[in-house]
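Everything below concerns the one structure shown next.
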Amino acid sequence: MAEFSIDRFVDLYADRTSGMSASEVRALFAVASRPDVVSLAGGMPFVQALPRDEIARLVADALDTPGATALQYGGGQGQRSLRERLVALMEAEGIDADPEEVAVTTGAQQALDLLGKIFVDPSDLVAVEAPAYVGALTAFGAYQPRYLTIDLDDEGMIVEQLEHALLRGDRPKFVYTVPNFGNPAGVTMSHDRRRRLVELCREASIPIVEDNPYGLLRFEGAHLPTLRSLDPENVIYVGTVSKTFAPGVRVGWVLAEPSVIQRLVLAKEAADLCGSNLNMLLTERWFADEHRWRTNLAALVATYRSRRDAMLDAIDEHLPDGAMWTNPSGGFYVWVTLPAWVDTKALLAAAVERRVAYVPGTAFYPDGRGANQMRLAFCYPPEDRIREGIARLGALLHDEERLYRSIEPR
Amino acid sequence: MNVAVLGGGHTPERDVSLRSAHRVRAALGELGHDAWLVDPAEVPLTESLQERPPDLVWLSLHGKEGEDGTVQRLLDLLDLPYTGTAGFDCECAFDKVLAKDVLARAGVPTPAWVPIEGTALRDLGAGAALGTAIERIGLPCVVKPSRSGSALGVGFVEREADVARAVMAALSFSGAAIIERKVIGTEVAVGMVGAPLEPLPLVEIAPKSGVYDYAARYTAGATDHFAPARVSDEIAAKVRAAASRATAALGLRDLTRVDMIVDAEGVPWVLEVNVSPGMTETSLVPMAALSAGIGLAALCDNVIRAATSRPR
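So the sequences go chain by chain: A and B.
For the first sequence, the positions run 27 to 436 when the working numbering is used.
For the second sequence, the positions run 107 to 418 when the working numbering is used.
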């Protein structure tokens, strides 16, 4: 008799990998990649809007830098010329920054991983919104925190809940938030809440990690001040060019106190030595022409606004009574809450069978909630596909309701 | 021989299927065959097979279309021989509502079950009989989609209040579901290969979480395997006999796997059969073969011989 081990290293893996397992939802997305499926699942930016020839010219230009810089290693903090552009980009959101306080990362995702690495020990508390960006939960998750979940409403994070948690003695290492058009909920933190959150955290000496990928994708209304601009000392700001330029270049950044940046750069160098010089040069050149990036951004905002309108109209028309949804004024996502008996994870199989896909809600909570919720992305499919997708989803939910009524426990 | 290996497809088991197909193609190459991969999600299948007609089609597709008789009937129409079970028998084997009936009629032990049709619930008020179904089967029970693989959509139910949710989840994956008695015991899989089908050594499956669900199947290290299984010779013989009766009753051919649970009394309960078992480096049938000293190439050779020995 022999014991067959499918993975002979299974007893050797670190505890931090214990949460990493095969997922049914991921398997179902293999079906959702069929061309006839309307995918409202992925948050893929509409990169087709970028001028391809111009990008090719910028890449050629970047390759022409002296000393073949584009193909060489670089410094761990990222090119100074790019950091200056990023400072200008942050100025557009009212942030006053110094390029020395900026570290370039491989997408904002790496910034989240590195912040987890330098702040979080196993069983430390980290405060997150509920629902929260799933990529942040998995990035921090590798450092084995406990999560303090703070619910959201239409005005963003309910700061009173955090206040109560602090009063009863909870001491999170930091508070993570996406205040503008958050992923997945699409809600924006109100001005009032921003002030209260910043004051509360400052008094408690708990840093805030402000993740702001969507801030410049505002469809209407006035821009609200970033948390960073309200408290430059206590807020660690995370940015990305994935939504304003292209996710494929993997350029994100952290703006923080020099002491934080120093540790973060050491952690970054340990992780990957440095970012891609070619991509950094390309990004720097893209943002060198303010008229160009602003024109492109304005076109993107118009596209996403029109798609958001198409989605909200279709939702209003097709989703059954009892469904509730958010009204994003920017970003990529609408968050839908269905009656408690709906299981969106199981329902995904029937949805892809009907040629529409979404992301089930449970992924966005660290505590198992969200079973009757789903995230719908309006960023990628054009308006007619969005309307078709929501119509299919609506028909499915109506049938599902009939099924439920036929077997609900009496 | 020219062999088209079909793998991939737009199904939840796409990745597993592709891994199986790549390994089979390499093994067939070792045997001196000219083998190539055809992924119906990447190319129009019929056209591809007409442009480059193979002598034999090896079916490594999983899930609907690959295992429910659809592709088999298409290959019959194209007059192309293929590995594995014929269309009609695939349709029965893949559909638990049909397969369990066939097994029970043939006297093969299979856990008590009740079929639940989605249309009967929606249009005929069958929900009112759900309580009767639970009474008949008892708790705990298992709710399974009738037509689905890899334990997708399967729910384990302890309390009556959770039955509705589990039935709805299963019906998301398939038009019908079964409510099945939960048998407690040792999980074993029996690979059956050749013509006539001969059993490979039994593989025992011991999921660390206690439940052999999707994550336990496809997360490396989440399940312990023992080959041969840690059962007595007497039990092993009973298991093999039940597997043989199951495959004969369902008309299975060439390469298949029978999943069973042996209870405390030593009764081998047949849960389901697979007409296209996984052939990845971590799959049960290659593992069983290896424990008998049979490598993948020899295993594939056996299947090819079986598939080509049939009169056309």
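Glycine included, C-beta positions come from ideal geometry on N, C-alpha and C.
| Item | Value |
| --- | --- |
| Runs of alpha helix (DSSP H) wholly within the stretch 208 to 294 of chain B (minimum 4 residues, chain order) | 224 to 230, 236 to 243, 269 to 279 |
| C-beta neighbour in chain A for G233/B, strict 7 Å | yes |
| is_contact[F279/B, chain A] using C-beta, thresh 7 Å | yes |
| Chain A contacts made by the stretch 260 to 275 of chain B, where a contact means CB separation under 7 Å | A267, A270, R271, V273, M274, A275 |
| 4-residue-minimum alpha helix (DSSP H) runs that sit fully inside the stretch 225 to 312 of chain A, ordered along the chain | 253 to 256, 284 to 298 |
| CB contact below 7 Å: Y320/B versus chain A | yes |
| Any alpha helix (DSSP H) of 4 or more consecutive residues that is wholly inside the stretch 333 to 366 of chain B | 339 to 356 |
| Sequence-distant residues of its chain with Cβ nearer than 6 Å to S65/A (five each side left out) | A58, A383 |
| S44/A: contacting residues in chain B (beta-carbon distance under 9 Å) | Simply none; closest approach about 10 Å. |
| Interface flag, T325/B vs chain A, CB-CB below 7 Å | yes |
| For D41/A, the nearest candidate out of S49/A, A86/A, A137/A, G167/A (CA to CA) | G167/A |
| Those residues which DSSP pairs with R172/A across a bridge | L151/A |
| 7 Å Cβ cutoff met for S397/B and P334/B | yes |
| Beta-carbon proximity of G100/A to N305/A, cut-off 7 Å | no |
| Inter-residue spacing [alpha-carbon to alpha-carbon] between S389/B and I311/B | 11 Å |
| is_contact[L151/B, chain A] using C-beta, thresh 7 Å | no |
| Cβ distance (whole Å) where E409/A is taken to contact R333/A below 8 Å | 6 Å |
| Residues that T329/B bridges to, as DSSP identifies them | P313/B |
| Rounded separation between T386/B and R323/B - CA only | 12 Å |
| Within-7 Å CB hit, V57/A to chain B | yes |
| Check whether G115/B and L167/B have beta carbons under 7 Å apart | yes |
| Within-7 Å CB hit, A48/A to chain B | yes |
| Residue-chain proximity (S65/A, chain B), Cβ-Cβ < 7 Å | no |
| L186/B versus A199/B, L155/B, T216/B, residue with shortest Cα-Cα distance | L155/B |
| Best match in G247/A, A314/A, K294/A for proximity to F271/A [C-alpha to C-alpha] | A314/A |
| Per-residue contacts from G316/B into chain A (C-beta, under 8 Å) | By Cβ distance, chain A contributes nothing, its closest Cβ being about 15 Å from G316/B, past 8 Å. |
| Cβ-based burial, T214/A [other Cβ within 10 Å; buried from 16] | buried |
| Contacts around M27/A, its chain only, beta-carbon distance under 7 Å, and the 5 residues preceding and following it disregarded | Low confidence applies to M27/A: its pLDDT is 45, below 50, so where it sits in the model is not reliable enough to give any reading. |
| G372/B beta carbon less than 7 Å from that of I400/B | no |
| Selection from M107/B, R125/B, C247/B that minimises the alpha carbon distance to P383/B | R125/B |
| Opening and closing residue of the beta strand (DSSP E) in which Y439/A lies | Any property of residue 439/A remains undetermined from this structure, which presents chain A solely from 27 to 436. |
| Residue from I410/B, A210/B, E304/B, A232/B with nearest C-alpha to V163/B | I410/B |
| Reference M400/A; option with closest CA among D369/A, R221/A, A75/A | D369/A |
| Below-7 Å beta-carbon distance, M27/A vs any chain B residue | At M27/A the pLDDT is 45, less than 50, meaning the model places this residue with poor confidence; the figure from the coordinates comes in the next sentence. Yes, M27/A lies at the interface with chain B (some Cβ there is under 7 Å from its Cβ). |
| Cβ neighbours of A376/A in the same chain (closer than 8 Å, five flanking residues each side left out) | L422, E426 |
| Inter-stretch contact at 8 Å, needing at least 3 Cβ pairs: the stretch 334 to 345 of chain A / the stretch 356 to 370 of chain A | yes |
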